[in-house]
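J.:
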Amino acid sequence: MGASLAPVFEPGFFTSPPVLVAVTVGGVVAVVSAVVGTFTVLRGQSFAGHALADVGSAGGSAALLAGVPTLSGFVVFNVLAAAVMELIGLRRPRGRDLATGVVLGASLGLAALFLYEDTVSSNTTGATVNVLFGSVFTLSPGLVPVVVALGAVSVALVVLLYRPLVLSSVSDELAAARGVRVRLVGAGYLLALALAVSLSAVTIGAILSTALLVGPAASALRVASRLATALVVAAATGVGATWLGILVAYDSVDWTGGSGWPVSFCIVATVFLVYAASGLPGRVRRARRPAGPRTVGPVVGSLARPEPDVEPGPPETTGEG
Amino acid sequence: MLEVEEVSAAFGARAVLDRVSFSVAAGELCGLIGTNGAGKTTLMKVVLGLLPTGGGRVRVSGRVRTRSGADIGYVPQKIQLEPDAPIRVRDLVALGIDGHRLGVPLGSRRRRRAVDEMLDAVGVSRLANARVGTLSGGEQQRVMIAHALVARPSLLLLDEPLANLDMRAVDDVVALLARIAADQGVAVLLSAHDVNPLLPVMDRVVYLASGHAASGTTGQVIRADVLSRLYGHPIRVVQAEGRVLVLAGGPEPSGVAANGCGASGAGDC
Ligand SMILES: Nc1ncnc2c1ncn2[C@@H]1O[C@H](COP(=O)(O)OP(=O)(O)OP(=O)(O)O)[C@@H](O)[C@H]1O
Ligand SMILES: [Mg+2]
Numbered sequence: 127m128g129a130s131l132a133p134v135f136e137p138g139f140f141t142s143p144p145v146l147v148a149v150t151v152g153g154v155v156a157v158v159s160a161v162v163g164t165f166t167v168l169r170g171q172s173f174a175g176h177a178l179a180d181v182g183s184a185g186g187s188a189a190l191l192a193g194v195p196t197l198s199g200f201v202v203f204n205v206l207a208a209a210v211m212e213l214i215g216l217r218r219p220r221g222r223d224l225a226t227g228v229v230l231g232a233s234l235g236l237a238a239l240f241l242y243e244d245t246v247s248s249n250t251t252g253a254t255v256n257v258l259f260g261s262v263f264t265l266s267p268g269l270v271p272v273v274v275a276l277g278a279v280s281v282a283l284v285v286l287l288y289r290p291l292v293l294s295s296v297s298d299e300l301a302a303a304r305g306v307r308v309r310l311v312g313a314g315y316l317l318a319l320a321l322a323v324s325l326s327a328v329t330i331g332a333i334l335s336t337a338l339l340v341g342p343a344a345s346a347l348r349v350a351s352r353l354a355t356a357l358v359v360a361a362a363t364g365v366g367a368t369w370l371g372i373l374v375a376y377d378s379v380d381w382t383g384g385s386g387w388p389v390s391f392c393i394v395a396t397v398f399l400v401y402a403a404s405g406l407p408g409r410v411r412r413a414r415r416p417a418g419p420r421t422v423g424p425v426v427g428s429l430a431r432p433e434p435d436v437e438p439g440p441p442e443t444t445g446e447g
Numbered sequence: 007m008l009e010v011e012e013v014s015a016a017f018g019a020r021a022v023l024d025r026v027s028f029s030v031a032a033g034e035l036c037g038l039i040g041t042n043g044a045g046k047t048t049l050m051k052v053v054l055g056l057l058p059t060g061g062g063r064v065r066v067s068g069r070v071r072t073r074s075g076a077d078i079g080y081v082p083q084k085i086q087l088e089p090d091a092p093i094r095v096r097d098l099v100a101l102g103i104d105g106h107r108l109g110v111p112l113g114s115r116r117r118r119r120a121v122d123e124m125l126d127a128v129g130v131s132r133l134a135n136a137r138v139g140t141l142s143g144g145e146q147q148r149v150m151i152a153h154a155l156v157a158r159p160s161l162l163l164l165d166e167p168l169a170n171l172d173m174r175a176v177d178d179v180v181a182l183l184a185r186i187a188a189d190q191g192v193a194v195l196l197s198a199h200d201v202n203p204l205l206p207v208m209d210r211v212v213y214l215a216s217g218h219a220a221s222g223t224t225g226q227v228i229r230a231d232v233l234s235r236l237y238g239h240p241i242r243v244v245q246a247e248g249r250v251l252v253l254a255g256g257p258e259p260s261g262v263a264a265n266g267c268g269a270s271g272a273g274d275c
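Respectively, the protein sequence lines represent chains A and B.
Its first residue numbered 127, the first sequence is counted upward by one per residue in our numbering.
Its first residue numbered 7, the second sequence is counted upward by one per residue in our numbering.
(1) Alpha carbons only, please: which of 300(A), 375(A), 396(A), 394(A) is nearest the one belonging to residue 386(A)?
(2) Under the three-state reduction of DSSP, which class applies to residue 219(B): helix, strand or coil?
(3) Find the residues of chain A that neighbour residue 74(B), judging by a C-beta separation of less than 9 Å, and give them in chain order.
(4) Could you tell me whether the segment 77 to 90 of chain B touches the segment 290 to 310 of chain A, where touching means 3 or more Cβ pairs closer than 8 Å?
(5) Along the chain, which unbroken stretches of the alpha helix (DSSP H) at least 4 residues long are found entirely within the segment 158 to 184 of chain B?
(6) Name the one or two DSSP bridge partners that residue 347(A) has.
(7) Measure the C-alpha to C-alpha separation of residue 19(B) and residue 406(A) and round it to an integer number of angstroms.
(8) Could you spell out the range, first to last residue, of the alpha helix (DSSP H) harbouring residue 333(A)?
(9) Check whether chain A comes within 8 Å of residue 168(B), counting only Cβ atoms and requiring the distance to be less than that.
(10) Where in the segment 78 to 113 of chain B do unbroken runs of the alpha helix (DSSP H), each at least 4 residues long, occur, reported from the N-terminal end onward?
(11) Taking DSSP as the reference, what is the three-state secondary structure of residue 39(B)?
(12) For ligand 2, list every residue whose C-beta falls under 7 Å from any of its heavy atoms, going in chain order.
(13) Could you please give the first and the last residue of the uninterrupted beta strand (DSSP E) stretch that includes residue 1(B)?
(14) Could you list which residues in chain A have their beta carbon closer than 8 Å to that of residue 106(B), in chain order?
(15) In whole angstroms, what separates the C-alpha of residue 396(A) from that of residue 183(B)?
(16) Using a threshold of 7 Å, is the CB atom of residue 202(B) nearer than that to any non-hydrogen atom of ligand 3?
(17) Identify, in the order they occur along the chain, each residue of the same chain with its Cβ nearer than 7 Å to the Cβ of residue 44(B), setting aside the five sequence neighbours on each side.
(18) Does any residue of chain B bring its CB to less than 8 Å from the CB of residue 334(A)?
(19) Does any C-beta atom of chain A lie closer than 8 Å to the C-beta of residue 212(B)?
(20) What alpha helix (DSSP H) runs, 4 residues minimum, are completely inside the segment 228 to 307 of chain A?
(21) Out of 28(B), 76(B), 91(B), point me to the one whose CA is closest to residue 302(A)'s CA.
(22) Just checking my contact of residue 175(A) with residue 336(A) at CB under 8 Å: how many whole Å lie between their CB atoms?
(23) Run through chain B and tell me which residues come within less than 7 Å of residue 286(A), C-beta to C-beta.
(24) Using a Cβ-Cβ cutoff of less than 6 Å, which residues in the same chain neighbour residue 170(B) once the five nearest sequence positions on both sides are dropped?
(25) Taking the alpha carbon of residue 354(A) as the point to measure from, which residue in 78(B), 53(B), 22(B), 92(B) has its own alpha carbon closest?
(26) For the segment 45 to 53 of chain B and the segment 131 to 142 of chain B, state whether three or more C-beta atom pairs, one from each stretch, are separated by less than 8 Å.
(27) Any idea what DSSP makes of residue 14(B), helix, strand or coil?
(28) Have a look at the DSSP bridge pairing and note the partners of residue 8(B).
(29) Between which two residues does the beta strand (DSSP E) carrying residue 179(A) extend?
(30) Here's the rule: buried if 16 or more other CB atoms are within 10 angstroms of the residue's CB, otherwise exposed. What is residue 247(B)?
(31) In the DSSP assignment, find the unbroken alpha helix (DSSP H) run with residue 356(A) in it and report its ends.
(32) Considering just the uninterrupted stretch of the beta strand (DSSP E) at residue 242(B), what are its terminal residues?
(33) Can you give the Cα-Cα distance for residue 330(A) and residue 253(A), rounded to whole angstroms?
(34) Is the Cβ of residue 190(B) closer than 8 Å to any Cβ of chain A?
(35) Quick check: what's the CA-CA separation for residue 165(A) versus residue 291(A)?
(36) Select from the segment 221 to 240 of chain B all residues with a C-beta closer than 7 Å to any C-beta belonging to chain A, and list them in chain order.
Structure follows, in C-alpha cells:
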C-alpha cells in the first residue's frame with residue numbers, strides 16, 4: 127500500500143471498525159446473493175426475489191419497533207413469506223400475479239405503518255432510511271457471525287440442491303419424471319432465497335436488496351456459458367462491486383466536504399455499471415459475426431457457440447430456440 | 007418391455023382415457039397418435055408415474071410401475087431454457103446420468119465419455135459446448151434424446167418430438183429414433199398428431215380419440231374402417247408413390263392418389 131495509494135484509500139479506511147464490519151458483511155452477503163441470485167435468474171424467479179424484498183421491509187421496520195436487530199425481522203418475515211408463496215404456488219414469474227400484488231401491497235402498507243410508528247416513537251427519520259435503503263456502516267460487530275452463519279446455510283442449501291435445481295429449471299416435468307421431488311426442491315430453494323434477500327436487505331436495504339441478488343448474476347450470465355463459471359463470475363462481480371461501493375462511499379465524505387454519498391447508492395450504481403458493461407462483449411461479437419448460413423437470429427451473449435454451422439443440409443428455420 | 011393394461015385416467019369428472027391397453031416390445035417403435043387434447047400427454051404421464059391411474063396397470067420390464075424414477079428416458083413436450091441460460095449441450099446430456107441426485111456434479115472421465123458417445127450417436131457432437139437455449143428446434147430435440155438415452159434406459163418416451171420441426175428435421179429425427187430402437191434394443195413410444203411421417207418406421211400404433219384407443223401393429227390399425235370408426239368421421243388410407251398416407255375427409259380417392267399430396271400435410275410432398 128503506502129503513500130501511492132493514499133488518494134484511493136482515504137486515511138483510516140483500513141483501521142476504522144465500521145469499515146471493517148462493512149467490508150466483511152458486504153463481502154459475505156455479496157457472495158451469497160450472487161450464488162443464490164444466479165439460480166434466481168436461471169429459474170426466472172426474480173419476481174419472487176422482489177416480492178420477498180418488499181415483504182422484508184415490513185419485517186425490518188417491525189423489528190425496529192420491537193427493539194430487536196432489523197436482520198431478525200427480515201429473516202422472520204421473509205421465511206414466512208416464502209412459505210406462503212410456496213403454498214399459493216408462486217413458483218413462476220407468471221404465477222398468481224393478482225394474489226401476489228395484493229400481498230405485496232399489504233406488506234408495504236404494513237411497512238409504512240411500522241416506519242411511521244418508528245419515526246414517531248424515536249423522533250428520528252433514520253429508521254425509514256435504515257430499513258428501506260440500508261446502512262452497512264452502522265451494523266453492530268456482533269452481527270458478523272450471524273451473517274456468516276445464515277449465509278452459509280443459504281449457500282449450503284443451493285449446493286445440496288444443485289443438480290435437481292438445474293434439472294427442474296430445464297423442465298419441472300422432466301425432473302419429476304426422473305423422481306425428483308420438484309415441490310420440495312423448490313421449497314428448499316425459496317428458503318435459500320429468503321435468507322439471501324434478508325442478508326442483502328441489511329446491507330443495502332430492503333428496497334435495493336434485489337439489485338445485489340439479480341445484478342451480478344445477470345451480468346455473469348451475459349458473459350459465461352457454463353453455470354459453474356457464471357457462479358464464480360457473479361460472486362467476484364458482486365464482491366467487487368460491493369467493496370468498490372463501500373470505498374467510494376467512504377472516500378466521498380472528503381470529496382463532498384462532509385456529507386458523502388449513501389453507501390447503498392454507491393454499491394447499486396457500481397452493480398448497474400458492471401451490468402451495462404457486461405453487455406459490450408456480446409455487442410462487439412455480434413457486430414463482427416459474419417453472416418452465417420443460419421437464419422435463426424443471433425442470440426445475446428452466446429459466448430459458447432463455436433460457429434453457427436448446422437448439421438449437413440439446409441438451414442433449419444423452425445424451433446423456439 | 008412396456009405393457010399398458012386397461013388404463014383409465016380422468017381429471018375430475020372428465021374421463022380422458024378409458025381402458026387403454028397396448029404393449030411395446032424391446033426394439034420396437036410405437037406411435038401414440040391423437041389430436042390436440044386426445045390424452046397423449048396424459049397417457050405418458052400415467053406411464054411415467056406422474057399421474058395416478060384411475061384403474062388399470064402399467065408394467066415396465068415386467069414390474070408394475072407405481073412411481074416415477076430414472077429407469078425411463080423421457081423427452082417432455084417442451085423445455086424452458088432461455089437463450090442466455092448457462093446450460094451447455096453437454097451439461098444437459100450429463101444431467102441425464104445423475105441430474106436427480108443431490109449435490110454438485112463431479113466430472114469423471116467415464117461420465118465425460120458416456121456424454122461424448124451419446125452426442126455422437128445423435129449427431130450433435132459439434133454443438134457440445136453451445137448453450138441449449140440457442141439451438142434450433144431440431145437440434146434441441148436431438149439433444150433431449152441424448153439426455154434421455156445416456157443412462158441407457160430400456161424404455162424411451164417422447165412427447166410430440168416432431169412438433170415445431172420442418173419436414174426435413176422430422177424425417178431426420180424419425181430416422182434417428184428408428185435407428186436407436188433397432189441398434190440399442192430400446193422400446194420407443196412417441197406421440198404425434200400426424201401419423202404420416204411415422205408410417206414407414208412404426209412397428210405399432212396406438213390411436214387415441216375421445217378417450218378410446220385403437221392399438222395394435224401398424225397393419226392392424228392403419229385401415230380406413232378402423233380409423234373411421236374410432237374418429238366417427240370418414241378417414242381414408244391411400245397408397246401414394248409407394249407410401250401409405252392417412253387422410254381425413256370423404257371418399258374422393260382418385261385425385262389424391264394421383265398427385266400424392268393430401269390436405270393433412272403428409273410427409274414427402
Ligand atoms: N391438469 C389438468 N387438469 C384438467 N384437465 C386436464 C389437465 N391436463 C389435461 N387435461 C385435459 O385432458 C385432456 C387431455 O390432455 P392431454 O394434455 O393429455 O392432451 P394431448 O393429447 O397431449 O394434447 P396436445 O396434442 O395438445 O398436447 C384435455 O382435454 C385437457 O383439457
Ligand atoms: Mg400433449
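No residue lacks a Cβ here, since even glycine has one placed at the ideal position from N, Cα and C.
T.: The short version:
(1) With distances taken between Cα atoms, residue 386(A) lies closest to 375(A).
(2) Reduced to three states, the DSSP call for residue 219(B) is strand.
(3) Taking a Cβ-Cβ threshold of 9 Å, the residues of chain A close to residue 74(B) are 302, 303, 304, 305, 306, in chain order.
(4) When Cβ pairs closer than 8 Å are counted between the two stretches, the segment 77 to 90 of chain B is seen to touch the segment 290 to 310 of chain A, the count reaching three or more.
(5) The DSSP assignment places no complete run of the alpha helix (DSSP H) inside the segment 158 to 184 of chain B (cut-off: 4 residues).
(6) None; residue 347(A) has no bridge partner.
(7) Rounded to whole angstroms, residue 19(B) and residue 406(A) show a C-alpha spacing of 56 Å.
(8) No alpha helix (DSSP H) holds residue 333(A); DSSP gives it neither H nor E.
(9) Cβ-Cβ to chain A under 8 Å: no for residue 168(B).
(10) The qualifying runs are 95 to 104.
(11) Three-state result, residue 39(B): strand.
(12) Working through the chain, the matches are 46(B), 47(B), 83(B), 165(B), 166(B), 197(B).
(13) In the structure displayed, chain B extends from 7 to 275; residue 1(B) sits before or after that span and is not available.
(14) By Cβ distance, chain A contributes 289, 290, 293, 301, 304, 305, 306.
(15) Distance between the alpha carbons of residue 396(A) and residue 183(B): 51 Å.
(16) By its list of ligands, the structure shown excludes ligand 3, since it contains just ligand 1 and ligand 2.
(17) Correct list, in chain order: 214, 215.
(18) Cβ-Cβ to chain B under 8 Å: no for residue 334(A).
(19) Not an interface residue.
(20) 252 to 259, 269 to 286, 288 to 296, 298 to 303, all fully within the segment 228 to 307 of chain A.
(21) Ranking the options by Cα distance to residue 302(A), first place goes to 76(B).
(22) Going by Cβ atoms, the distance from residue 175(A) to residue 336(A) rounds to 5 Å, so yes, they are a contact pair.
(23) Neighbours of residue 286(A) in chain B, taken as residues whose beta carbon is under 7 Å from its own, are 108, 109 in chain order.
(24) Take residue 170(B), set aside five residues on each side of it, and the residues of its chain with a beta-carbon closer than 6 Å to its own are 143, in chain order.
(25) Just measuring C-alpha positions, the residue of 78(B), 53(B), 22(B), 92(B) sitting nearest residue 354(A) is 92(B).
(26) With a cut-off of 8 Å, the segment 131 to 142 of chain B and the segment 45 to 53 of chain B do not count as touching, because too few Cβ pairs lie within range.
(27) For residue 14(B), the secondary structure class from DSSP, reduced to helix, strand or coil, is strand.
(28) Bridge partners of residue 8(B): 30(B), 66(B).
(29) Looking at the DSSP string, residue 179(A) is not in any beta strand (DSSP E); the run it does join, the alpha helix (DSSP H), is 172 to 192.
(30) Residue 247(B) is exposed by the Cβ-count criterion.
(31) Per DSSP, residue 356(A) belongs to the alpha helix (DSSP H) from 353 to 381.
(32) Membership of residue 242(B) in the beta strand (DSSP E) is indicated by the continuous run 241 to 246.
(33) Distance between the alpha carbons of residue 330(A) and residue 253(A) is about 14 Å.
(34) With 8 Å as the cut-off, residue 190(B) does not count as an interface residue toward chain A.
(35) The straight-line gap separating the alpha-carbon atoms of residue 165(A) and residue 291(A) is approximately 8 Å.
(36) With the criterion set as a beta carbon lying under 7 Å from some beta carbon of chain A, the segment 221 to 240 of chain B has no members that meet it.
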